[in-house]
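Peer 1:
There are 4 protein chains.
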Amino acid sequence: MRAFADITEALSALAVEVPSWAYGNSGTRFKVFGSPGTPRTVEEKVADAATVHRFTGLAPSVALHIPWDLVDDFGALRRNAEDLGVRIGTINSNTFQDDDYKLGALTHTDPKIRQKAIDHHFECIDVMHATGSRDLKIWLAEGTNYPGQGDLRARQDRLHEGLSTIYDRLADDQRLVLEYKFFEPAFYHTDVPDWGTSYVQVAALGERAMVCLDTGHHAPGTNIEFIVAQLLRLGKLGSFDFNSRFYADDDLIVGAADPYQLYRILVEVVRGGGYGPGSDVALMLDQCHNIEKKIPGQIRSVLNVQEMLARALLLDREALAAAQEEGDVLLANEIFMDAFYTDVRADLAHWREERGLPGDPMRAYVGSGHQERIEDERVGGTQAGWG
Amino acid sequence: MRAFADITEALSALAVEVPSWAYGNSGTRFKVFGSPGTPRTVEEKVADAATVHRFTGLAPSVALHIPWDLVDDFGALRRNAEDLGVRIGTINSNTFQDDDYKLGALTHTDPKIRQKAIDHHFECIDVMHATGSRDLKIWLAEGTNYPGQGDLRARQDRLHEGLSTIYDRLADDQRLVLEYKFFEPAFYHTDVPDWGTSYVQVAALGERAMVCLDTGHHAPGTNIEFIVAQLLRLGKLGSFDFNSRFYADDDLIVGAADPYQLYRILVEVVRGGGYGPGSDVALMLDQCHNIEKKIPGQIRSVLNVQEMLARALLLDREALAAAQEEGDVLLANEIFMDAFYTDVRADLAHWREERGLPGDPMRAYVGSGHQERIEDERVGGTQAGWG
Amino acid sequence: MRAFADITEALSALAVEVPSWAYGNSGTRFKVFGSPGTPRTVEEKVADAATVHRFTGLAPSVALHIPWDLVDDFGALRRNAEDLGVRIGTINSNTFQDDDYKLGALTHTDPKIRQKAIDHHFECIDVMHATGSRDLKIWLAEGTNYPGQGDLRARQDRLHEGLSTIYDRLADDQRLVLEYKFFEPAFYHTDVPDWGTSYVQVAALGERAMVCLDTGHHAPGTNIEFIVAQLLRLGKLGSFDFNSRFYADDDLIVGAADPYQLYRILVEVVRGGGYGPGSDVALMLDQCHNIEKKIPGQIRSVLNVQEMLARALLLDREALAAAQEEGDVLLANEIFMDAFYTDVRADLAHWREERGLPGDPMRAYVGSGHQERIEDERVGGTQAGWG
Amino acid sequence: MRAFADITEALSALAVEVPSWAYGNSGTRFKVFGSPGTPRTVEEKVADAATVHRFTGLAPSVALHIPWDLVDDFGALRRNAEDLGVRIGTINSNTFQDDDYKLGALTHTDPKIRQKAIDHHFECIDVMHATGSRDLKIWLAEGTNYPGQGDLRARQDRLHEGLSTIYDRLADDQRLVLEYKFFEPAFYHTDVPDWGTSYVQVAALGERAMVCLDTGHHAPGTNIEFIVAQLLRLGKLGSFDFNSRFYADDDLIVGAADPYQLYRILVEVVRGGGYGPGSDVALMLDQCHNIEKKIPGQIRSVLNVQEMLARALLLDREALAAAQEEGDVLLANEIFMDAFYTDVRADLAHWREERGLPGDPMRAYVGSGHQERIEDERVGGTQAGWG
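Protein chains in written order, with our numbering: chain R, 1 to 387; chain Z, 1001 to 1387; chain G, 2001 to 2387; chain U, 3001 to 3387.
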């Protein structure tokens, strides 16, 4: 295995984008529990993101969701974020909460509703210009609940038409990333259900259209690291939405359900050039903290990515390649697991302290009194959520 | 195959309980779409249930959910229902929407919260006395989202304690039915995740505690008809919550996703004595009509149960048993599918007309103007939903 | 719904290719049960395929598997088949039963083993020339059992190289169809696990390289008809391997596990131009009859495809399109299910009799004495199987 | 977290039973690859088991499978094993490889075949007397492939009858453990598919009938540690068959697919009293080494159990209970994962060396020349496998 000292430089490149909505309330269709200290405004969400970055040094940008994060002056929001030490990152569109979109948005049979969805994306691109964002991320909730409800094929063609129109509006330094999802909220078919569909749709658009891989959006048993390897091979992996799941799109803390899977994914990211200088792959979180505290939930999450990335970087690729070449199955697997089983936490604590960060950001946050402070201050108003 | 004439008497026994909440709005965590004509009150929900019964003759009772259906005077509600030609059926409790239940109800570590959940069930039993309901149905949303969050074993013991206390409060002609569910809203573990757990919990209570089988609450690939057969064999199948699913607990119209599975389930119901005189198994719907119209969605659902039950009754069990005895795999399967592939719709239309019902309840409803009427009348107020 | 009379001409175009190996013994890793009457030679397998065609008129060609079906003189085999009224169809390669392929074939790290696998495909192409076969079907069993065992990315590159070499060897009127499979026999990763991978690999080859969709090769819950629609849209659906499954790649009789799914698939086939004159999509079976009799198992299978295709053709697409356009979810679904619930069996029996075929091929086969005859005749020798 | 020094005594109690068949060849339905050095006799399998124990000190007993391990003189086999330092453990029956069992064994419609299956178990009990084995393990491959093929309910009743007869034959110090399995080799229904069925069947037998939990025999997404906790709570967990899986019953090396799941399982084992003095739970492996070397595959496996057990023992249960009581979700999860992320390998190496064992058994085995020796010696004869 490689020594920790050999990976410290590579580790320094890690930046994990956090989603503004992770700081607001979320839940299931059964209940959204509120929690003290939840932001009431976009500015408070950005402040929470900045807090995560202050304690970890890992989260220099925050993704916005339109219209949840609509403000009058995005230039001011951008300056506000920069004053707090973070940037505005990816802009996420929303075509699933307007009554018009009940049966579809970009794929709707009615051209007026399709145009409305396209116009919404134009508005998002306007926001990108104001915030300096590179990526427009499109997750489409569309699909059908019953066989026969829609024409699967025609919807795919309308999807292409809508995406083309949006893509053409982007500036030359902007990208479109198209997320896929196995199911939910549609329960019979989803218009972009798998990486293959996202790939063929973005491949038909052009070079700056890429696939977004959300780790919670696959069929049971799917080998996600294979998809990572394939998309990097095809030059079409645009970004990650990290989270974890036991069942469906549970949106749990990344690494919480299957840490070894996270390791395998990050090994392929590094293997395929998806990390570090020269890579444009955006690493983001997309999570819900339904029952746990939100800021420390996000701190835990970026630390999980960092710890697992350290293990992936420690993997002795030369020894592994030799064992693979030899066909020594047990040795190759042992080398692979050796890095995974290495406890990197003490080294990382030391590394953080050298950089002026708290060695244990979780304990530092708890000890800082910040949580109590926001719980005291953020009284009244309407807590942010998915709406 | 048996002739349709031979099953008409058996068919007459069919009664499918409808859930009051099917007439209110429902949706996903992403969006609850409203729809014109949605009830604003419990009385309007009961009226909608009565409408379904009027058009089909299949839905003589309506299940209530407490507190969604709390009224001041349940006696009046009962009389109101009876005036409309339906009864109040199962009472469903709710321990998942109060802030106190964020980390559990009957399984919570805090005895005060457990007592609160028990008291809620006592209140439900009071309602049952007023409405004349036989069954208290308990679906517990409890569980944990992260490994380590709770003590799986201790929670199971507390669950037993709580259920015992509730069971002891029931009158001699009342039953407790305990529903199980694979996951959601909890994402790591659920306290009653499978039929085995529900069975051992109710077996520890007594004779009037039974299992409720919701057809959407199983792991992918689960053979549900096997569970039906097993629970009937054990004398512990209390009731069904019918719906259908492609992925998770989609709560789609029963029979919409896999009609052949519904057939297989009903074959085992009939085989095991779960249908007809002498059976106490309650057949209920538990569905959401997120995007389709609600009253016709329910009409479609009870018709689907009726059509599939007719096929199950048509199955030539003597011929099947002979083929099974012979070990003739292809012939046994052919006999089994013969009834399934039989188109019973014309015979059923005739059967309905003979009983003074519309031959095609779906077309009759559309032609009746009822939907337009309630859309006109039900303006203002707050549409009913899950809260 | 359309009338049966309106679809008889379209129905006449149906041809389902049967696999030679369906007539041999098959089983699980636990046991291969033998059965009386099983063929001992390739010629006897072809004779069984011809028997299926004689009773149904639906199975005019038989697929071969090399080396299971190696004969000295393929020209003679071809003439023999034609004398019996059937053609030799798709040639299937095999790179999973030689000891050299334990850790891979086209993806192996050792170039000598890769060349051996390529040479095997060259041999298959030679067979195609002798048999007049159009399609070379490649299912690759390769993959790894343990994380780290192989380099996912490098294997993909080697796969491309191998496929290119094979593709270049094909004549202008020959095609390469690449099958994908979720898992088995590899248990950690499979080199062609999903339609996306098959698509990007064949798209990199050229116009005559296509995807083969085996209905049993998907993750739980996968919407297969969506993939059918997408591949037809992309012009890359080459062929089907029909069978059915409850769990993994069960290889049961097509339509036996989920008849409604088969209907939905065939609706998309027809919708997307994958059936009838002008379509090059090959409809094949790929099944195992582990416990049921093999010839009637195949008769049942081609009948299942025919019956379900009839339903798909009966679908009233104009009415469906209107309901979809209206956004009438319930009506669209009802129109869709109307054709499914139609019992086409009597009409099909009549249709067969008009064409000089037995109205009920299953009964006709049982009554013909053919099964007893082959059980008497085929004594001694080694029964055919997977080797 | 607890210190390693605090768990060394508890660690010493670990004994993992190995299966004789792990040393023979195994594979998939597509191919069984042979490998040099594979045992030809039962004695050689026992010798291989003893080798695993010699290098690890963890595997003091070996399970046999009848008839694969039938010998003329089981007393001699027992003495032979004891001379090599191991015991004969569990006796496994086999009712899936005789042609008579094609459609069932204990559940067959034919009473003669049922009696034959019962007699086979009597024979196994005779073996147990000769070998001094405590446990008779029954895994039933029975089920059906097609709906309608068998009567689910009647089969369950016949199963009870057969098991009762077998159970009654056991001596007072012998146990019956009944394994359940989701699917395979039956593809529509399995007669003992889940823990609930195994539980109700063994509960109907008596105190010495217990459930066997094979970690690879569940539906996708099943929370296995919950079942462990439940069965321990009910006093009915008899034994484990450890292995790991990504998809179906892959039978991979335990801990190879999801190490965190193995940790969670072992945490519940310890929590529920399933480990250590006073516990009768048998920890066994049931694995296949299809492509990797078999003896080191088994060494790796018992080491994986040991390493993960060490982590489970290190868990600070007092701190965890306090965090659970507090409802501190993040802290509880962090405490839970803290032990998992601890690298116990150096401490365990030291612990082994103190006990006269090699610190790194994998390297020690490779360096010992043993593998080369058996590859040289075991030439000729028929390699052992599943038959």
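By construction, the Cβ of each residue, glycine as well, lies at the ideal position given by its N, Cα and C atoms.
If U/ASP3069 and U/SER3020 are in contact, beta carbons under 8 Å, what's the gap, nearest whole angstrom?
Peer 2: Yes, U/ASP3069 and U/SER3020 are in contact; Cβ-Cβ is about 5 Å, under 8 Å.
Peer 1: On the three-pair Cβ rule with 8 Å, is the segment 2073-2088 of chain G touching the segment 2108-2116 of chain G?
Peer 2: Judged by Cβ distances under 8 Å, the segment 2073-2088 of chain G makes no contact with the segment 2108-2116 of chain G, as fewer than three pairs qualify.
Peer 1: Taking the beta strand (DSSP E) that U/ASP3214 belongs to, which residues open and close that run?
Peer 2: Element bounds for U/ASP3214: 3209-3214.
Peer 1: Given that R/THR342 touches chain G, what residues does it touch there, using C-beta distances under 8 Å?
Peer 2: Within chain G, no residue comes near R/THR342; the closest Cβ sits about 14 Å away, beyond 8 Å.
Peer 1: Hey, how far is the Cα of G/ASN2333 from the Cα of Z/ALA1248?
Peer 2: So the alpha carbons of these two residues sit roughly 20 Å apart.
Peer 1: List, in order along the chain, the chain Z residues whose C-beta lies closer than 9 Å to that of R/GLU184?
Peer 2: Those are THR1028, ARG1029, PHE1030, TYR1247, ALA1248, ASP1250, listed as they occur along chain Z.
Peer 1: Cβ of R/ILE227 less than 8 Å from any chain U Cβ?
Peer 2: It does not: the Cβ of R/ILE227 has no partner Cβ on chain U nearer than 8 Å.
Peer 1: Could you tell me the distance, in whole angstroms, from the CA atom of R/THR406 to the CA atom of R/ASP173?
Peer 2: No statement about residue 406 of chain R is possible, as the shown extent of chain R runs from 1 to 387 and does not include it.
Peer 1: Starting from the beta carbon of R/PRO220, find every residue of chain Z whose beta carbon is closer than 8 Å, and list them in chain order.
Peer 2: What R/PRO220 touches in chain Z: PRO1220.
Peer 1: Quick test of the definition: if touching needs 3 or more C-beta pairs under 8 Å, does the segment 1210-1230 of chain Z touch the segment 1186-1198 of chain Z?
Peer 2: They touch, by the three-pair rule.
Peer 1: May I have the straight-line CA-CA distance separating G/ALA2049 from G/PRO2060, to the nearest angstrom?
Peer 2: Rounded to whole angstroms, G/ALA2049 to G/PRO2060 spans 8 Å at the Cα level.
Peer 1: Kindly list the residues whose CB is nearer than 6 Å to the CB of R/TYR23, restricted to its own chain and excluding five residues on each side of it in sequence; keep chain order.
Peer 2: Within the same chain, R/TYR23 has close Cβ partners PRO39, LYS45, ASP48, LYS294.
Peer 1: Of all the beta strand (DSSP E) runs that stay within the bounds of the segment 125-178 of chain R, which reach a length of 3 or more residues?
Peer 2: Counting whole runs of 3 or more residues, the segment 125-178 of chain R contains the beta strand (DSSP E) stretches 135-138.
Peer 1: With distance defined between alpha-carbon atoms, name the residue in G/ARG2029, G/LEU2315, G/GLN2156, G/LEU2152 nearest to G/TYR2341.
Peer 2: Among G/ARG2029, G/LEU2315, G/GLN2156, G/LEU2152, the Cα nearest to that of G/TYR2341 belongs to G/LEU2315.
Peer 1: Below 8 Å, how does it come out for the segment 1202-1216 of chain Z and the segment 1231-1241 of chain Z: are there three or more Cβ pairs, yes or no?
Peer 2: Yes, since at least three Cβ pairs between the segment 1202-1216 of chain Z and the segment 1231-1241 of chain Z fall closer than 8 Å, the two stretches touch.
Peer 1: What does Z/ARG1153 touch in chain U if you count any residue whose Cβ is under 9 Å from its own?
Peer 2: By Cβ distance, chain U contributes ALA3229, GLN3230, LEU3232, ARG3233, GLU3268, ARG3271, GLY3272.
Peer 1: What does DSSP give as the partner residues of U/PRO3185 in its beta bridges?
Peer 2: Per DSSP, none; premise fails for U/PRO3185.
Peer 1: Would a C-beta distance cut-off of 8 Å place G/LEU2348 and G/GLN2306 closer than the cut-off?
Peer 2: Yes, these two residues count as a Cβ contact at 8 Å.
Peer 1: Within 8 Å of any Cβ in chain Z, is that where the Cβ of G/ILE2374 sits?
Peer 2: So no, G/ILE2374 is outside the interface.
Peer 1: Show which residues of chain R have a CB atom less than 8 Å away from the CB atom of Z/ASP1099.
Peer 2: Per Cβ cutoff of 8 Å: PHE33, GLY34.
Peer 1: Using three-state DSSP, classify U/GLU3292 as helix, strand or coil.
Peer 2: It is coil, neither helix nor strand.
Peer 1: Can you name the residues of chain R whose CB is closer than 8 Å to the CB of Z/ALA1256?
Peer 2: Those within 8 Å of Z/ALA1256 in chain R are TYR146, PRO147.
Peer 1: For U/ILE3066, I'd like the list of residues in its chain whose CB is within less than 8 Å of its CB, leaving aside the five on either flank, ordered along the chain.
Peer 2: Closer than 8 Å at Cβ, skipping near neighbours: ILE3091, ASN3092, SER3093, ASN3094, HIS3120, GLU3123, CYS3124, VAL3127.
Peer 1: Taking only runs that begin and end inside the segment 31-116 of chain R, name each unbroken beta strand (DSSP E) of 3 or more residues, in chain order.
Peer 2: Those beta strand (DSSP E) runs which fall completely within the segment 31-116 of chain R and span 3+ residues are 61-65, 87-92.
Peer 1: Closest by CA to U/GLN3324, which one among Z/GLU1377, Z/PRO1259, Z/ALA1171, Z/THR1109?
Peer 2: When each option's Cα is compared against that of U/GLN3324, the closest is Z/THR1109.
Peer 1: Three or more beta-carbon pairs under 8 Å between the segment 1268-1275 of chain Z and the segment 1223-1238 of chain Z, yes or no?
Peer 2: Yes, since at least three Cβ pairs between the segment 1268-1275 of chain Z and the segment 1223-1238 of chain Z fall closer than 8 Å, the two stretches touch.
Peer 1: Contact criterion: CB-CB distance below 8 Å. Does U/VAL3329 meet it with respect to chain R?
Peer 2: Yes, because at least one Cβ of chain R sits closer than 8 Å to the Cβ of U/VAL3329.
Peer 1: Considering only their Cβ atoms, is the gap separating U/ILE3299 from U/THR3107 smaller than 8 Å?
Peer 2: In this structure, U/ILE3299 does not lie closer than 8 Å to U/THR3107 by Cβ.
Peer 1: Under 7 Å between beta-carbons, which chain Z residues line up against R/LYS102? List them in chain order, please.
Peer 2: Under the 7 Å cutoff, chain Z gives PHE1033, ILE1291.
Peer 1: What is the C-beta distance between U/ASN3025 and U/GLY3385, in whole angstroms, given that I count them as a contact (C-beta under 8 Å)?
Peer 2: Between U/GLY3385 and U/ASN3025 the Cβ distance is about 4 Å, and since that is below 8 Å, they are a contact.
Peer 1: Mind checking G/SER2012: buried by the 16 CB within 10 Å criterion, or exposed?
Peer 2: By the neighbour-count rule (16 or more Cβ atoms within 10 Å), G/SER2012 is not buried but exposed.
Peer 1: Under 7 Å between beta-carbons, which chain G residues line up against U/TYR3188? List them in chain order, please.
Peer 2: Going along chain G in sequence order, the residues near U/TYR3188 (Cβ under 7 Å) are PHE2246.
Peer 1: Which chain R residues sit within Cβ distance under 8 Å of G/LEU2163?
Peer 2: Within chain R, no residue comes near G/LEU2163; the closest Cβ sits about 15 Å away, beyond 8 Å.
Peer 1: For Z/GLU1142, collect the residues of the same chain with a Cβ closer than 6 Å to its Cβ; drop the 5 residues on either side in sequence, then sort them by chain order.
Peer 2: Taken in chain order, the residues that qualify are GLY1104, ALA1105, THR1107, ASP1191.
Peer 1: State the Cα-Cα distance for the pair R/GLU375 and R/PRO36, rounded to the nearest angstrom.
Peer 2: Rounded to whole angstroms, R/GLU375 to R/PRO36 spans 5 Å at the Cα level.
Peer 1: So, is G/HIS2350 buried or exposed, given that buried needs 16 or more other C-beta atoms within 10 angstroms?
Peer 2: With fewer than 16 other Cβ atoms within 10 Å, it is exposed.
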